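Asker:
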Amino acid sequence: MQWAGLLGLFGLLGLIGLKHKIPSETPGGGVRLLGLLGFIGLAGFWIAPLGACGAFGALSLWNHPKPRYARLAHLGFLGLVGVLLWLVR
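Residues 4 to 92 (my numbering) are what the sequence shown spells out, left to right.
(1) For L18, I'd like the list of residues in its chain whose CB is within less than 7 angstroms of its CB, leaving aside the five on either flank, ordered along the chain.
(2) Give me the Cβ distance between M9 and G60, rounded to the nearest whole Å; I'm assuming they're in contact under 8 angstroms.
(3) So the alpha helix (DSSP H) R35 belongs to, where does it begin and stop?
(4) Which word fits G57, buried or exposed, when buried means at least 16 other C-beta atoms lie within 10 angstroms of its C-beta?
(5) Thinking just about the alpha-carbon of each residue, which of L12, F13, S27 is nearest to the one in N66?
Given below as structure tokens:
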């Protein structure tokens, strides 16, 4: 189950939105705030379920204008693994 903590590193992909800005007129500003959950993914080194939930940070790239970055948002759904591990624990 220690591998689940590494899933939080996918959440750091959400920080790409800081370097490659999404235009402010693009809808989904609330979803872009999920990029902050990527920092929670760093806790995965100590608490595996919390780290896996940090993968939700990648969802902040969901409607990025560059298709390459928008595809990375699909990795954010790996955060559901963290929720399941938290419930089973």
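Backbone N, C-alpha and C define an ideal beta-carbon position, used for all residues, glycine too.
A quick note: this is a predicted structure, and the numbers were derived from the prediction, not measured.
Answerer: Let me lay it out:
(1) The sequence position of residue 18 within the sequence shown is 15, counting from 1. Excluding sequence neighbours, L18 sits near G38, G41.
(2) Against the sequence shown, residue 9 aligns to sequence position 6. Against the sequence shown, residue 60 aligns to sequence position 57. Rather than Met, the amino acid found at residue 9 in this sequence is Leu. Not confirmed; about 14 angstroms, so no contact.
(3) On the sequence shown, residue 35 is found 32 positions in, with the first residue counted as 1. Element bounds for R35: 32–35.
(4) Against the sequence shown, residue 57 aligns to sequence position 54. That one is buried.
(5) Counting from one through the sequence shown, the residue named residue 66 turns up at place 63. The shortest Cα separation from N66 among L12, F13, S27 belongs to S27.
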